[in-house]
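A short worksheet on the structure shown next.
In mature numbering (1 follows the signal peptide of the UniProt record, and there is no 0), the protein residues as written are -28 to -1, 1 to 259.
Written as structure tokens, this is what we have:
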């Protein structure tokens, strides 16, 4: 009787464990359920003037990342809300549930992969470029060794700048603050996403006429992805399907051109790949 009682106790304990695991997996992705029940997708975006900004009239967020978020919401059949985040707080906002996703100038890194989930299909590939004064004598990444370099807090360019090029990093709240520090002489270069540097150098305002981006190569070109909280597999799968549709239709190329960010060669290649796959599938269906 005692042996049978112990066996029954072990069985009950095992069943309790299994039921708990099943219940946990059933509620493993609360994000997508919350988005649909609330009828709103909340996306964290960086409004640094490159991928987004505040409209001076409406005071509403506008820009490339904002319109990507709007398209995500449209595909999910819900309304869209943008929440401004900054490089120092964007991960915290996501982990605390203040936003459902991040489209916030965050390229893939192993370190970010360890604490967050992401849609595996990238929506662009972007590397870093350096803004320097034309008279600085900086021509290559190696010229930054031992020199002060400004970056945004949490930038994925910090590690290679230190480890590969021996730069002395000065981190600021965001790209605007880092570039302001560059103008003030706090550093010899300010390193940020290439589209942000290019947009300023091509600006007709002439604000950056004394500056250049002389490096012939980008710093660690990396996939730009949509981030979600760790373990939100249903949300990530939904986002990933939408990103693939963006590639198929050319939406991302159109958005890049609209916001003065010419598509990378990798983005053009993804468009050819996914549109070709769609054509093959359509032909197979017809046959």
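Where a beta carbon is used, it is the ideal one built from N, C-alpha and C, also for glycine. Remember, it's a predicted structure, so these values are computed and weren't measured experimentally.
Quick one: give me the first and last residue of the alpha helix (DSSP H) that residue i is part of.
i: residue 149; result: 147 to 155
i: residue 196; result: Not the alpha helix (DSSP H): residue 196 falls in the beta strand (DSSP E), residues 191 to 196.
Can you give the Cα-Cα distance for residue i and residue j, rounded to whole angstroms?
i: residue 111; j: residue 187; result: 6 angstroms
i: residue -5; j: residue 10; result: Residue placement at residue -5 is poorly supported in this model, since its pLDDT is 39, which falls under 50; the coordinates still yield a value, given next. Cα to Cα, the separation comes out at about 22 angstroms.
i: residue 194; j: residue 28; result: 32 angstroms
i: residue 174; j: residue 181; result: 9 angstroms
i: residue 222; j: residue 44; result: 15 angstroms
i: residue 132; j: residue 116; result: 12 angstroms
i: residue 97; j: residue 169; result: 15 angstroms
i: residue 206; j: residue 7; result: 12 angstroms
i: residue 126; j: residue 244; result: 33 angstroms
i: residue 196; j: residue 109; result: 31 angstroms
i: residue 22; j: residue 30; result: 19 angstroms
i: residue 61; j: residue 239; result: 28 angstroms
Within a Cβ cutoff of 6 angstroms, which residues of the same chain sit near residue i, ignoring the five residues on either side of it in sequence?
i: residue 88; result: 199, 202
i: residue 34; result: 27
i: residue 81; result: 128
i: residue 25; result: 19, 35
i: residue 172; result: 180
Comparing alpha-carbon positions, which option in the options lies nearest residue i?
i: residue 94; options: 62, 236, 183; result: 236
i: residue 156; options: 230, 183, 92; result: 183
i: residue 55; options: 70, 43, 44, 64; result: 70
i: residue 13; options: 22, 3, 21, 19; result: 3
i: residue 107; options: 98, 240, 161; result: 161
i: residue 153; options: 177, 133, 123; result: 123
i: residue 100; options: 24, 238, 163; result: 163
i: residue 52; options: 24, 86, 40, 76; result: 40
i: residue 185; options: 66, 79, 113, 241; result: 113
Enumerate in chain order the residues of its own chain whose CB-to-CB distance from residue i is below 7 angstroms, with the five nearest sequence positions on each side excluded.
i: residue 246; result: 216, 219, 220
i: residue 158; result: 120, 122, 142
i: residue 212; result: 91, 92, 93
i: residue 260; result: Outside the displayed range of the chain (-28 to 259) lies residue 260, so it cannot be described from this structure.
i: residue 234; result: 228
i: residue 75; result: 15, 17, 37, 40, 41, 198
i: residue 166; result: 98, 99, 100, 101, 190
With respect to 7 angstroms, is the separation between the Cβ of residue i and the closest non-hydrogen atom of the ligand PLP below this value?
i: residue 141; result: Absence of the ligand PLP from the depicted structure is noted, as is the absence of any ligand whatsoever, leaving it without description.
Alpha helix (DSSP H) segments (min. 4 residues) lying fully within the region 210 to 237 | 223 to 230
Identify every run of the beta strand (DSSP E) within the region 94 to 164, keeping only runs that are complete inside it and at least 3 residues long; order them along the chain.
-> 96 to 105, 120 to 124, 140 to 144
Please list the segments of the alpha helix (DSSP H) lying wholly inside the region 7 to 34, counting only runs of 4 or more residues, in order along the chain.
-> none
Mind pulling the beta strand (DSSP E) runs of 3 or more residues that sit fully within the region 42 to 99?
-> Taking only runs of at least 3 residues, the beta strand (DSSP E) segments lying wholly in the region 42 to 99 are 51 to 57, 73 to 75, 88 to 90.
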